[in-house]
Amino acid sequence: MGIRLEGLISAIILPLLLTMVLFLGPLIQLAMDCPWGFIDGMKVVVDPCFWTLCLGDMRWLRNQVVAPLTEELVFRACMLPMLVPCAGPSTAIFTCPLFFGVGEHNYSCLCLFVYFSVFQFSYTAVFGAYTAFIFIRTGHLVGPVLCHSFCNYMGFPALSTALDHPHRLTILSFYVLGVVLFFLLFFPMTDPFFYGLPTPVCTLTSTSGSICS
């Protein structure tokens with residue numbers, strides 16, 4: 001479930017754009033620290049050699065392609081359609097990420113596991129709830145996959161680096177602006193109207209509520 005043509009363009013653009021709004025602060029910080037100008041950066045992006053190097057990098061393929069695709073396929077496209085008829089969309093959104101959060105633990109050292117487990121579980125659970133929300137609202141798998149890939153690339157926002165940055169007031173202002181805009185655009189940019197009503201997951205339950213409308 002989650003692979004369809006209706007509303008596909010919106011599903012590719014809007015959820016990713018919403019996620020980029022949330023990362024407005026880190027993106028501005030990245031742009032300030034980048035040694036390239038905008039034109040030079042665009043030349044790199046459209047350069048086939050750049051993408052050839054990326055596709056030849058196993059770590060890049062794992063983080064940007066394989067992990068987002070397989071994890072969203074399992075935890076969103078396969079698991080949510082089973083949870084929604086039993087628990088309803090709202091409960092499923094917050095239940096599914098619990099499995100996702102546990103599945104993300106991959107530390108072999110017990111000390112590292114204890115140290116990072118709470119933070120990592122919380123972070124991945126919140127992210128899982130976000131992509132589950134997108135999947136249910138849009139009915140497309142492509143949105144969660146692209147958002148997952150983008151977040152893997154960006155990583156967790158480097159707040160400590162932002163606080164030490166020479167332009168920290170500007171960067172922190174964009175951090176706050178990004179969060180505010182994200183919450184203001186959260187429902188409008190995921191409105192099922194843009195993706196074709198009704199979305200497939202919402203047809204599996206009679207208690208859809210505001211999540212599906």
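Just so you know, the UniProt record's numbering puts 175 at position 175 of the sequence shown, and the rest follows in order with no gaps.
Ideal Cβ positions, reconstructed from N, Cα and C, are used throughout, including at glycine.
{"Asked": "Continuous alpha helix (DSSP H) stretch holding Leu69: start and end", "Found": "Ala67 to Glu72"}
{"Asked": "Cutoff 6 Å; reference Phe6; Cβ partners in own chain excluding five residues on either side", "Found": "The sequence shown places Glu at residue 6, rather than the Phe named in the question. Once the five neighbours on either side are set aside, the close Cβ partners of Glu6 are Gly196."}
{"Asked": "DSSP-derived helix/strand/coil call for His148", "Found": "helix"}
{"Asked": "contact_flag[the region 56 to 72, the region 177 to 191] where n(CB pairs < 8 Å) is 3 or more", "Found": "no"}
{"Asked": "C-beta contact flag for residue 214 and Gly143 at 7 Å", "Found": "For residue 214 there is no data in the structure shown, the boundaries of the chain being 1 and 213."}
{"Asked": "Which of helix, strand or coil DSSP assigns to Tyr175", "Found": "helix"}
{"Asked": "Residue range of the unbroken alpha helix (DSSP H) whose run includes Ile3", "Found": "Counting along the chain, Ile3 falls outside any alpha helix (DSSP H), and DSSP gives it neither H nor E."}
{"Asked": "Under the three-state DSSP convention, the category Val46 falls into", "Found": "coil"}
{"Asked": "Alpha-carbon spacing of Pro48 relative to Asp40, whole angstroms", "Found": "14 Å"}
{"Asked": "Residue span of the alpha helix (DSSP H) that contains Met32, given as start and end", "Found": "Leu24 to Asp33"}
{"Asked": "Of the listed residues Thr199, Gln29, Ile13 and Met79, nearest to Cys147 (C-alpha basis)", "Found": "Ile13"}
{"Asked": "Cβ separation of Thr131 and Arg76, assumed to be a contact under 8 Å, to the nearest whole Å", "Found": "6 Å"}
{"Asked": "Nearest candidate by alpha-carbon position, reference Thr124, set Gly155, His140 and Pro198", "Found": "Gly155"}
{"Asked": "Three-way DSSP call (helix, strand, coil) for Asp40 in this model", "Found": "helix"}
{"Asked": "Closest Cα partner of Ile28 within the set Ser90, Val126, Leu169 and Met82", "Found": "Leu169"}
{"Asked": "Environment of Ala92 [buried if 16+ CB atoms lie within 10 Å]", "Found": "buried"}
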